[in-house]
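Worksheet: the structure to be examined is printed underneath.
There are 2 protein chains.
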Amino acid sequence: MSDPNDMPGHLARRFQQIAVAVFLAEVGDAGFDLTPVQYAALATIKANPGLDQVTLAGLIAYDRTTITGVIDRLVQKGLAERRASSRDRRARALEITDEGKRTLRRITPAVESAQRVMLRGLSAKEGEELMRLLRKAIAAGNELSRAPLREMQA
Amino acid sequence: MSDPNDMPGHLARRFQQIAVAVFLAEVGDAGFDLTPVQYAALATIKANPGLDQVTLAGLIAYDRTTITGVIDRLVQKGLAERRASSRDRRARALEITDEGKRTLRRITPAVESAQRVMLRGLSAKEGEELMRLLRKAIAAGNELSRAPLREMQA
DNA sequence: TACTGATAGTCAGCATACTGAGCAATATCA
DNA sequence: TGATATTGCTCAGTATGCTGACTATCAGTA
């Protein structure tokens, strides 16, 4: 009964572990070197050009101290840029580079394939249900982590 | 449609993030300083006294290079011991200390409370279904990570 | 305008996870 | 038995994630 392997927390860890491995394998096979975290950050920068780091972190529920390193690596790979914000001298305005856009476009099939592979043990219906339950549990626990999801300010 | 926040991989990451935060909060409130990973390792050592590191890693699906540091910290806290194996001079036989047993016993309510909190957005039925689907997806993907779950050799 | 509080970003330190390499010991088999 | 392969463990290096602290800047208010 007190088998850690049967606790929700351990299942969460294990599923995430597999999800990351599948993502890296699919993306690696396609010839790219991008982590799940870097992918989400880059895609969100593309969708919201010029946003600052704190806003980006809120949109994908990363800690603000984690996002610094993630952006460092995107910049170092030439996929994103950190510019000075025109409105706030504390903030950095994030932009995706042309190469970042190109990478994002070409990496998409591998990313989508990874999502299918990590759910391959489930029927389509079960996959949908798993995602629904995860979304529901996550919404209820959003404020319990230091890095909650935040909506974009209009 | 290509919103990272709606992909299974991102939901996995987010649920795990909340699960860890809840675990640390509940266990911390109870006055203990133990991570989810350390807890699972300690509980498994208690259930299988004398096991070696590779076997322990397999029983809870940790990477063999990760388990080294985890055990280091359990030993440093006085909760576990690394002894020489009598059967194989390469291997270390892991034992739980009396203080480790005491800690495990007293920490259990907090650990169980954490499992409830991380599912608090779901009905009991939904929580069961989420766990069933996670178990199923994990079973199908077990071999896809570097650290798959391994059965105990009899 | 001067003070106060909040905010954006960074940094140091710690704990998972992984890749890949290496060492020592064991197992296997020609 | 002797060569080879495998296994248990560790280490260096990299990438998340977190805690807590700090600086620079901004916003609100007396």
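Protein sequence lines, in the order shown, are assigned to chains D and F. The first sequence stops at residue 283 when you use the numbering used here, and every number in between is there. The second sequence stops at residue 283 when you use the numbering used here, and every number in between is there. Glycine is no exception: its CB is placed at the ideal position from the N, C-alpha and C atoms. Please read these numbers as outputs of a predicted model, since none were measured by experiment.
With a threshold of 16 other CB atoms inside 10 Å of the CB of Gly256 (chain D), please say whether the residue is buried or exposed. Note on Gly256 (chain D): 16 or more other CB atoms within 10 angstroms of its CB, so buried under the neighbour-count rule.
How about Gly187 (chain D) and Arg279 (chain D): do their beta carbons lie closer than 7 Å? In this structure, Arg279 (chain D) lies closer than 7 Å to Gly187 (chain D) by Cβ.
I'd like the ranges of any beta strand (DSSP E) spanning at least 3 consecutive residues and lying wholly in the region 152-214 of chain D. Counting only runs of at least 3 residues, the region 152-214 of chain D fully encloses the following beta strand (DSSP E) elements, listed from N- to C-terminal order: 209-213.
Since I believe Ala159 (chain F) is in contact with Ile225 (chain F) (beta carbons under 8 Å), could you give me their beta-carbon distance rounded to a whole number of angstroms? The C-beta separation of Ile225 (chain F) from Ala159 (chain F) comes to about 19 Å, leaving the pair out of contact by the 8 Å criterion.
Need the endpoints of the beta strand (DSSP E) that Arg221 (chain F) sits in, please. Where Arg221 (chain F) is concerned, the enclosing beta strand (DSSP E) stretches over Arg221 to Ile225.
Which residues of the region 242-260 of chain D have a Cβ closer than 8 Å to any Cβ of chain F? Give them in chain order. Contact residues of the region 242-260 of chain D toward chain F are Ala243, Gln244, Val246, Met247, Leu248, Arg249, Gly250, Leu251, Glu255, Gly256, Glu258, Leu259 and Met260 (C-beta to C-beta distance below 8 Å).
Do Leu208 (chain D) and Gly229 (chain D) have their C-beta atoms closer together than 7 Å? Taking C-beta atoms as the reference points, Leu208 (chain D) and Gly229 (chain D) count as a pair closer than 7 Å.
Close Cβ partners of Ala148 (chain D) (< 6 Å) along its chain, the five nearest in sequence each way excluded: Cβ within range, chain order: Met247.
Looking at the secondary structure, which residues open and close the alpha helix (DSSP H) in which Arg261 (chain F) lies? From DSSP, the alpha helix (DSSP H) with Arg261 (chain F) extends over Ala253 to Gly270.
Can you find a CB in chain F that lies within less than 7 Å of the CB of Gln145 (chain D)? With 7 Å as the cut-off, Gln145 (chain D) counts as an interface residue toward chain F.
Determine the chain D residues that contact Val172 (chain F) at a beta-carbon separation under 7 Å, and present them in chain order. For the record, residue 172 (chain F) in the displayed sequence is Ala; it is not Val. Neighbourhood of Ala172 (chain F) in chain D, by CB distance below 7 Å: Ser131 and Pro133, in chain order.
What residues in its chain sit with their C-beta under 8 Å from that of Leu171 (chain D), if we drop five residues either side in the sequence? Leu163, Leu203, Leu208, Ala209, Ile225, Gly229, Thr232 and Leu233.
How should Glu155 (chain F) be labelled, buried or exposed, when 16 other C-beta atoms within 10 angstroms of its C-beta is the threshold for buried? Answer is buried; the Cβ neighbour count reaches 16.
To the nearest angstrom, how far is it from the Cα of Lys175 (chain D) to the Cα of His139 (chain D)? Looking at the two C-alpha atoms, the distance is approximately 34 Å.
For Asp135 (chain D), which of helix, strand or coil comes out of DSSP? Residue state, collapsed to three classes: helix.
So Ile267 (chain D) contacts chain F; which residues on that side make the cut at Cβ distance below 7 Å? In chain order: Leu140, Arg143, Phe144 and Ile147.
Can you list the residues of chain D that Pro165 (chain F) reaches, using a CB-CB cut of under 8 Å? Within chain D, the C-beta atoms nearer than 8 Å to that of Pro165 (chain F) come from Gly138, His139 and Arg142, in chain order.
In this structure, how does DSSP classify Ser274 (chain D) when only helix, strand and coil are distinguished? In this structure, Ser274 (chain D) counts as coil in the three-state DSSP scheme.
Which residues in chain D sit within 8 Å of Thr237 (chain F), going by Cβ to Cβ distance? Under the 8 Å cutoff, chain D gives Ser131.
Neighbour flag for Ala190 (chain D) against chain F, beta carbons, 7 Å: Judged by the 7 Å Cβ criterion, Ala190 (chain D) is in contact with chain F.
Beta-carbon neighbours of Arg264 (chain F), restricted to chain D and to distances below 7 Å: Taking the beta carbon of Arg264 (chain F) as reference, the chain D residues within 7 Å of it are Leu140, listed in sequence order.
By the three-class DSSP mapping on this structure, what secondary structure does Leu248 (chain D) have? Reduced to three states, the DSSP call for Leu248 (chain D) is coil.
Cβ of Gly157 (chain F) within 7 Å of any chain D Cβ: Chain D, which has no Cβ nearer than 7 Å to the Cβ of Gly157 (chain F), makes this no.
Which bits of chain F does Gly229 (chain D) rub up against, with CB to CB less than 8 Å? Residues of chain F passing the Cβ test: none, with the nearest at roughly 15 Å.
Just the chain D side, please: which residues come within less than 7 Å of Ser274 (chain F) by C-beta, in chain order? By Cβ distance, chain D contributes Gln146, Ile147 and Ala150.
Distance, Cα to Cα, Ala213 (chain F) vs Ile189 (chain F)? Approximately 22 Å between the Cα atoms of the pair.
Helix, strand or coil for Glu280 (chain F), going by three-state DSSP, please let me know. Glu280 (chain F): coil per DSSP, three-state reduction.
Here's the rule: buried if 16 or more other CB atoms are within 10 angstroms of the residue's CB, otherwise exposed. What is Gln205 (chain F)? It is exposed - the Cβ of Gln205 (chain F) has fewer than 16 other Cβ atoms within 10 Å.
Taking Cβ to Cβ, would you say Arg221 (chain F) is nearer than 7 Å to Arg211 (chain F)? Yes, these two residues count as a Cβ contact at 7 Å.
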